[in-house]
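Counting in this note's numbering, the sequence shown runs from 5 upward without gaps. Where is the CB? At the ideal position from N, CA and C, for every residue including glycine. Notes for the one structure printed next.
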Amino acid sequence: MVSITLERSFTGGTTPLEREVERLGPWFHNVHLPNGLQTAPDHPLGDFPSSHWQPLATVLADDLRGRTALDIGCNAGFYALQLAARGAQVTGIDRDERYLAQASWAATQLGLERSIKLVKAQVYDLADWQQQYDIVLFMGVLYHLRYPLLALEVVSRLVRDVLIVQTFTMPDSGSSVPGEELTLSTRDKLCAEGWPRMAFIEAMLEGDPTNWWAPNAAAVEAMLRTVGIPATKRLAAETWLCRPLGSRALADQQTEMYRAATGREFTTTGSLHGG
Ligand SMILES: C[S@@+](CC[C@H](N)C(=O)[O-])C[C@H]1O[C@@H](n2cnc3c(N)ncnc32)[C@H](O)[C@@H]1O
Numbered sequence: 005m006v007s008i009t010l011e012r013s014f015t016g017g018t019t020p021l022e023r024e025v026e027r028l029g030p031w032f033h034n035v036h037l038p039n040g041l042q043t044a045p046d047h048p049l050g051d052f053p054s055s056h057w058q059p060l061a062t063v064l065a066d067d068l069r070g071r072t073a074l075d076i077g078c079n080a081g082f083y084a085l086q087l088a089a090r091g092a093q094v095t096g097i098d099r100d101e102r103y104l105a106q107a108s109w110a111a112t113q114l115g116l117e118r119s120i121k122l123v124k125a126q127v128y129d130l131a132d133w134q135q136q137y138d139i140v141l142f143m144g145v146l147y148h149l150r151y152p153l154l155a156l157e158v159v160s161r162l163v164r165d166v167l168i169v170q171t172f173t174m175p176d177s178g179s180s181v182p183g184e185e186l187t188l189s190t191r192d193k194l195c196a197e198g199w200p201r202m203a204f205i206e207a208m209l210e211g212d213p214t215n216w217w218a219p220n221a222a223a224v225e226a227m228l229r230t231v232g233i234p235a236t237k238r239l240a241a242e243t244w245l246c247r248p249l250g251s252r253a254l255a256d257q258q259t260e261m262y263r264a265a266t267g268r269e270f271t272t273t274g275s276l277h278g279g
């Protein structure tokens, strides 16, 4: 899934609720409201992201009471609302206030406003956060970032139990040997199918100037390994379930880089304040 440019899907809503949906649009998430109204019924990707939620719905517990969740790039809150409906206390962040306004409004419509906290923030701002979450969703954001590995490093610190990552990928079904070493004379392997790599998108993809990178699946998995939160299950073609390693530390040089890039120490699982 890659983000697409959306047109307003409602025109001339007749009820006050329809007019509210129209006022808050255009919507990327088709949220189903209690009275049957949908926020993006004509979404080009179909009933989006319901179909993307299904693989998550089956691996996450039905009862999430007492659990905390963080939805990074929450958009109109579809996933945050699903987690809140299962009883989790959810924090959603997004850099775009228009989406946060949609999420806030949708949460109220669904009576879930007390279970969802919404914060305007960039993923990199999470370097300042000192709280871990049982479940972290990082869906549809990685390829929008100019600094994807830094973001994964920042995010990995906040995962107590499970991280679910979804990203647009480039076509490449090959698989590589994890962490295979190279020499200058074997560097042609970098061009082989399945070698972890990301294509840089200098111009726009699908009319969106914020689509910067297209990793292959091997690169997603390699990056997750290198930040200490390896994928343990592929939930769908572009979606991974990951679990943090018990003890994680960056190599000295990486620690230095992380500090220089974020102004913060790389504190990991067990050293953050819970809750
Ligand atoms: C393709 S949408 C994905 C929305 C939702 N997570 C999903 O999977 O359906 C990307 C979302 O990430 C947000 N976003 C993009 N870059 C971000 C950043 N640096 N920090 C926080 N949110 C970001 C966008 O505003 C948008 O809501």
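Which first and last residues belong to the beta strand (DSSP E) in which V94 is found?
Numbered from its first residue, the sequence shown carries residue 94 at position 90. Note, V94: beta strand (DSSP E), Q93 to D98.
Going by C-alpha distance, which of E206, G183, G91 and E210 is nearest D67?
Sequence index remark: in the sequence shown, residue 67 carries index 63 (1-based). Checked all of E206, G183, G91 and E210; the closest Cα to D67 is G91.
Touching or not, the segment 106 to 120 and the segment 77 to 95, by the rule of three or more beta carbon pairs under 8 Å?
Yes, since at least three Cβ pairs between the segment 106 to 120 and the segment 77 to 95 fall closer than 8 Å, the two stretches touch.
Sort out for me which residues DSSP pairs F52 with in a bridge.
Stepping through the sequence shown from its first residue, residue 52 is reached at position 48. Answer by DSSP bridge pairing: none, since F52 is not bridged.
Looking only at DSSP bridge pairs, what is C246 linked to?
Locating residue 246 in the sequence shown gives position 242, counting from the first residue. Its beta-bridge partners are L167 and A235.
Run the CB neighbour count on C195, radius 10 Å, all protein chains shown included, and call it buried at 16 or more, exposed below.
Looking up residue 195 in the sequence shown gives position 191. It is exposed - the Cβ of C195 has fewer than 16 other Cβ atoms within 10 Å.
Using the rule of at least 16 other Cβ atoms within 10 Å of the residue's Cβ for burial, across every protein chain shown, is M227 buried or exposed?
Residue numbering aside, residue 227 sits at position 223 when the sequence shown is read from its first letter. Buried is the call here.
Given the structure, does H148 come close to ligand 1, in the sense that its CB is under 7 Å from one of the ligand's heavy atoms?
The residue you call residue 148 lines up with position 144 of the sequence shown. The answer is yes for H148.
Quick check on the burial criterion: 16 or more other C-beta atoms within 10 angstroms. Buried or exposed for T19?
Counting from one through the sequence shown, the residue named residue 19 turns up at place 15. Exposed, by the Cβ-count rule.
Got a sec, what are the start and stop residues for the beta strand (DSSP E) V35 sits in?
If you number the sequence shown from 1, residue 35 lands on position 31. No beta strand (DSSP E) holds V35; DSSP gives it neither H nor E.
In this structure, how does DSSP classify L114 when only helix, strand and coil are distinguished?
Within the sequence shown, residue 114 is the residue found at index 110, counting from 1. Coil, per DSSP.
Could you name each continuous alpha helix (DSSP H) segment of 4 residues or more that falls completely within the segment 131 to 188, going from the start of the chain to the end?
You should have 152 to 160.
Who are the near neighbours of L156 in its chain, counting only those whose CB is closer than 6 Å to its CB and skipping five residues on each side?
Counting from one through the sequence shown, the residue named residue 156 turns up at place 152. Around L156: M227 and V231.
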